[in-house]
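Down below is the structure, laid out as structure tokens.
There are 2 protein chains.
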Amino acid sequence: MNDNAIIDSRTDQAGFFNAARAILGDKGLITDPDDIEPWLTDWRGRYHGKALALAQPANADELAGAVRLCAERAIPIVAQGGNSGMVGGATPDDSGTALLLSTRRMTDIAIDADAMTATCGAGAILQVLHEAAEAQDLRFPLSLGGKGSATVGGLVSTNAGGTQVLRHGVMRALVLGLEVVLADGSVLDMTSALKKDNRGFDLKQVFVGSEGTLGIVTRAVLKLSPAIAERRVAVVGLDSLHRARELLLHCDAALPDALEGFEVMPQSCIDAVKAYNPDTQDPLETRHAWYALLEFVADRAGAEMLGERVEETLFAALEKGLGDDAVIAANEAQAEAFWTIRETISPAEKAKGPAAQHDISVPVEKMPDFVEAATKRILADHPDHEVAAFGHLGDGNVHFHVIAPRGADAAEWGPATGKDISRFVYDFVTEWGGSISAEHGIGQDKRDVLHATHDPVALRTMQAIKQALDPQGILNPGKLI
Amino acid sequence: MNDNAIIDSRTDQAGFFNAARAILGDKGLITDPDDIEPWLTDWRGRYHGKALALAQPANADELAGAVRLCAERAIPIVAQGGNSGMVGGATPDDSGTALLLSTRRMTDIAIDADAMTATCGAGAILQVLHEAAEAQDLRFPLSLGGKGSATVGGLVSTNAGGTQVLRHGVMRALVLGLEVVLADGSVLDMTSALKKDNRGFDLKQVFVGSEGTLGIVTRAVLKLSPAIAERRVAVVGLDSLHRARELLLHCDAALPDALEGFEVMPQSCIDAVKAYNPDTQDPLETRHAWYALLEFVADRAGAEMLGERVEETLFAALEKGLGDDAVIAANEAQAEAFWTIRETISPAEKAKGPAAQHDISVPVEKMPDFVEAATKRILADHPDHEVAAFGHLGDGNVHFHVIAPRGADAAEWGPATGKDISRFVYDFVTEWGGSISAEHGIGQDKRDVLHATHDPVALRTMQAIKQALDPQGILNPGKLI
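Top line first, the protein sequences correspond to chains A and B. All residue numbers for the first sequence refer to the UniProt record's numbering, where the first residue is 1 and numbers rise by one. All residue numbers for the second sequence refer to the UniProt record's numbering, where the first residue is 1 and numbers rise by one.
Written out as structure tokens, the structure is:
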């Protein structure tokens with residue numbers, strides 16, 4: 001680069017900053033590297049990037065203006081919500097050419113209690129949405145570990161899952177309307193409150209889960225449910241994952257409107273949680289190969305009968321041999337303690353040392369066989385490793401972690417053995433008709449794996465859509481597609 | 001065109017027929033104009049076209065082969081299911097250049113009772129699907145007048161509605177998986193049975209309702225519900241549509257899991273049905289400005305209590321003044337008779353003479369005001385006309401018919417006054433934040449209206465998607481987009 005080019009680039013940059021500041025105001029454009037720094041690394045510390053600047057528009061109009069400006073200058077844009085994604089999807093690359101665009105100032109939440117909807121700015125925090133809904137005797141039935149930082153825009157863009165999917169579906173199922181700023185800065189308003197509308201292609205679902213590569217979500221209309229009036233949380237000890245699946249079918253048939261969560265964890269995960277947090281109480285007095293964590297809920301109409309119905313259902317399950325022992329939480333504190341075990345598995349497993357983690361799914365009915373077969377194959381090749389498979393059995397989604405031998409060096413193990421293991425897991429799950437990414441998405445983490453394992457027709461079709469909606473390729477380059 | 005061109009075109013046509021027959025077999029390619037003729041007119045007789053030939057592939061492979069052949073020669077393709085659409089979407093234009101592609105031989109239906117799904121070939125008939133589901137104590141909760149001819153492929157491509165949308169949603173909500181043949185003949189398989197799958201853009205919903213302009217649906221995995229064990233059908237007489245809306249809210253709050261249908265009809269529609277079919281019994285002994293037709297259902301678990309709960313709910317509604325008179329059908333025959341009144345409105349209104357019919361929606365809570373305001377405006381300008389607004393109040397979807405004065409000449413009235421009225425209705429509904437097509441789609445019927453009234457950003461985005469997926473423009477040209 002010669003001196004003139006440097007001067008040009010500086011002038012350009014100053015010109016861009018001036019134009020951006022005119023749109024976003026002083027509060028809306030951060031150029032001080034120290035202030036930007038915290039947002040350039042993903043929360044798990046696995047990806048680090050650079051950015052030209054950080055834009056924080058106050059509303060969709062400002063955001064659209066910033067995108068138009070970037071489109072004119074072909075400046076890449078990386079949208080970011082709570083920066084709590086799992087696949088580096090909101091972290092820019094290290095070229096420093098991209099504008100980091102945070103939605104965190106767009107936090108408005110409007111609850112329509114009659115329509116049972118919440119209209120949220122992209123930056124609204126999940127936990128704040130929960131509280132806003134509860135204040136009106138309603139609830140937003142999607143929750144996950146990062147609820148204190150995850151934003152509505154991020155949840156939509158990553159099609160988030162969580163622990164209530166069994167009954168309420170993933171984020172996709174809860175999005176009624178969407179407003180998206182397209183790559184040229186125009187605003188596509190899909191927030192219509194119409195229940196029936198057959199005016200051409202419905203594009204909402206294309207943007208849900210597109211990780212900021214097709215447009216930037218600025219607003220979402222979300223479906224709410226009646227508030228929970230009563231819940232019952234139970235733990236059942238089981239001798240196999242097959243038995244857990246039968247228990248799930250039993251409970252789902254007996255209490256289809258009440259069964260809201262069905263998580264499974266092996267004894268080794270319970271042990272890891274106890275080692276990590278010695279205050280942890282065993283959920284059952286006896287040890288079992290597997291544990292199922294069940295949550296049943298009822299709104300006001302069904303509250304009175306819930307306890308009795310859950311007791312009957314679990315009693316019948318034990319009678320049928322679908323479990324060796326069971327306990328229903330006696331109170332809210334115990335219910336919370338059961339859930340805390342489940343939620344502590346991730347940090348507890350992390351504390352054991354380096355691991356290859358896989359967020360995968362297979363058709364629900366194949367899950368027990370898959371876990372058994374995959375575990376066997378991995379331990380045959382790596383007998384000193386440990387497999388921890390836990391998660392959302394009801395959704396066919398398991399977090400499949402393979403943990404390196406104690407004392408393994410992460411920097412050495414990860415790129416060699418860890419990578420080999422992941423390659424095997426992704427090929428194996430694809431062979432079983434499953435997905436390499438059940439709920440965490442693709443981002444920069446799984447882009448190569450996606451392209452290596454996915455149906456070429458689907459990839460080609462996605463590429464055609466990407467080219468159609470973002471011909472300059474400025475939206476979140478290097479992610480997903 | 002010179003003689004050589006004619007010979008070329010004949011040779012080309014013969015070559016195309018030979019190549020098509022090699023893929024489709026003798027049974028799969030119909031070239032005799034007499035055999036094609038019945039499929040060239042839409043069932044309402046409003047559109048008539050011509051076709052090069054009629055292809056009837058036996059399966060998705062044959063269908064894909066036929067599309068590849070058309071793609072090589074840039075031959076347009078018009079897909080057709082039961083030919084029972086409302087907007088001429090499956091009728092070719094009159095150039096005679098298009099291949100009419102019928103899915104009617106692809107009729108396979110496989111019910112998975114455990115998973116509560118039906119996997120259907122595009123040509124499976126809705127009524128046959130209903131019966132297949134019922135045989136396994138399940139049901140497919142979407143029904144409409146044309147169920148004896150409507151195909152699954154057509155229902156998906158038009159995102160059909162019907163009378164159970166209030167509880168189960170439109171077709172879009174019932175599609176779990178889809179297989180689509182793209183414009184280049186490649187097969188996009190989106191039938192994965194995974195409950196959670198975040199491998200990039202979810203394209204299923206783009207094809208639902210795209211009327212054969214983006215791809216041809218060959219297979220769909222549909223969501224089933226538990227069979228109905230008990231139902232209650234009621235008619236309530238009301239003094240206004242506002243009161244009907246309040247009654248809807250009351251019933252929906254009291255019996256959210258049971259209320260499945262909520263239709264409204266004015267006295268004039270009942271009178272029209274009685275004139276059309278003199279055997280019709282009045283549903284109530286007294287006359288009312290409006291009638292609501294309500295259907296409540298329960299599966300086995302809720303069957304026992306249903307009757308009592310419905311009685312209590314309707315009794316409370318009358319006490320609150322949300323209705324002037326009510327009757328619950330005493331038996332299935334009476335329930336059917338109530339529904340027959342509703343289903344006879346269309347032919348009965350048609351018998352009155354020429355009418356401008358509009359399948360429109362507005363946000364549910366605005367519906368009563370809209371109908372009142374639109375009726376007033378039309379009668380002010382056309383005092384000798386009659387307005388019949390009836391339909392799915394619970395979905396904000398009303399069939400808004402404006403009937404010409406008795407004795408009006410259809411050929412004269414339709415293109416003049418009728419057209420003016422329709423233009424007013426479409427502009428007025430757009431002004432109210434509504435849709436010019438709630439459930440019937442766009443096809444060739446409403447294409448101009450769509451382009452005149454719809455958001456330019458949405459239209460531009462649809463066009464970009466169309467260009468990306470069908471760059472030659474061979475899929476159902478002249479329809480929708």
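Cβ coordinates follow ideal geometry from the N, Cα and C atoms, glycine included.
Distance between residue 367 of chain B and residue 292 of chain B, taken at the CA atoms: about 14 Å. Residue nearest to residue 86 of chain A within the set A:108, A:96, A:42 is A:42 (criterion: CA-CA distance). The Cβ-Cβ distance between residue 78 of chain A and residue 181 of chain A does not fall below 9 Å. Annotation: residue 227 of chain B to residue 408 of chain B spans about 47 Å, alpha carbon to alpha carbon.
Distance from residue 237 of chain B to residue 299 of chain B at the Cβ level is roughly 30 Å; contact not present, criterion being Cβ atoms closer than 8 Å. Annotated as distal: residue 198 of chain B and residue 263 of chain A, with beta-carbon spacing of 9 Å or more.
Not one beta carbon of chain B lies nearer than 9 Å to the beta carbon of residue 386 of chain A.
With fewer than 16 other Cβ atoms from the protein chains shown falling within 10 Å of its own Cβ, residue 286 of chain A counts as exposed.
Residue contact check for residue 201 of chain B against chain A: a CB pair falls below 9 Å. Going by beta carbons, residue 161 of chain B and residue 170 of chain B fall inside the 9 Å limit. For residue 364 of chain B, the neighbours in chain A by C-beta distance under 7 Å run, in chain order, 195. For the beta strand (DSSP E) assignment, the uninterrupted runs of no fewer than 3 residues enclosed by the segment 137-215 of chain B are, from N- to C-terminal side, 175-181, 187-190.
Assignment of residue 31 of chain B by DSSP, reduced to helix, strand and coil, places it in the coil class. Listed in chain order, the positions of the segment 163-182 of chain B with a beta carbon within less than 8 Å of a beta carbon of chain A are 165, 170, 172, 182. By the beta-carbon neighbour count (other beta carbons within 10 angstroms, threshold 16), residue 448 of chain A is exposed. When DSSP states are grouped into helix, strand and coil, residue 289 of chain B belongs to the coil group. Residues of the same chain with a CB within less than 7 Å of the CB of residue 338 of chain B, apart from the 5 flanking positions on each side, are 233, 235, 283, 293, 329 in chain order.
The three-state secondary structure of residue 381 of chain A, taken from DSSP, is helix.
Under the Cβ distance rule, residue 397 of chain B counts among the residues neighbouring chain A, one pair being separated by less than 9 Å.
For residue 232 of chain A, the enclosing beta strand (DSSP E) stretches over residues 230-238. At a cut-off of 4 residues, the continuous stretches assigned as alpha helix (DSSP H) that sit fully inside the segment 14-102 of chain B are 33-36, 60-73.
Along the segment 445-476 of chain A, going in chain order, the ones with a CB nearer than 7 Å to a CB of chain B are 450, 454, 455, 457, 458, 461, 462, 464, 465, 467, 468, 469. Just so you know, the alpha carbons of residue 351 of chain B and residue 201 of chain A end up roughly 34 Å apart. By a beta-carbon distance limit of 8 Å, residue 39 of chain B does not contact residue 13 of chain B. Their separation comes to about 19 Å. The Cβ of residue 440 of chain A sits closer than 9 Å to at least one Cβ of chain B. Counting only the Cα atoms, residue 138 of chain B lies some 39 Å from residue 214 of chain A. In the three-state reduction of the DSSP assignment, residue 360 of chain A falls in the strand class, which pools E and B. In this structure, residue 82 of chain A places its C-beta atom within 9 Å of the C-beta atom of residue 150 of chain A. Here the C-alpha atom of residue 173 of chain A lies approximately 42 Å from the C-alpha atom of residue 414 of chain B. A check of alpha carbon separations from residue 113 of chain B across B:134, B:245, B:207 identifies B:134 as the nearest. In the three-state reduction of the DSSP assignment, residue 465 of chain A falls in the helix class. Bounds of any beta strand (DSSP E) do not take in residue 343 of chain A; it lies within the alpha helix (DSSP H) bounded by 332-351.
For residue 190 of chain B, the nearest beta carbon of chain A is closer than 9 Å to its own beta carbon. Residue state for residue 454 of chain A is assigned as coil, using DSSP reduced to three classes.
The segment 219-226 of chain A and the segment 385-399 of chain B do not touch, with fewer than three beta-carbon pairs separated by less than 8 Å. Excluding residues up to 5 positions away in sequence, 182, 183, 214, 215 lie with their Cβ nearer than 7 Å to the Cβ of residue 469 of chain B in the same chain.
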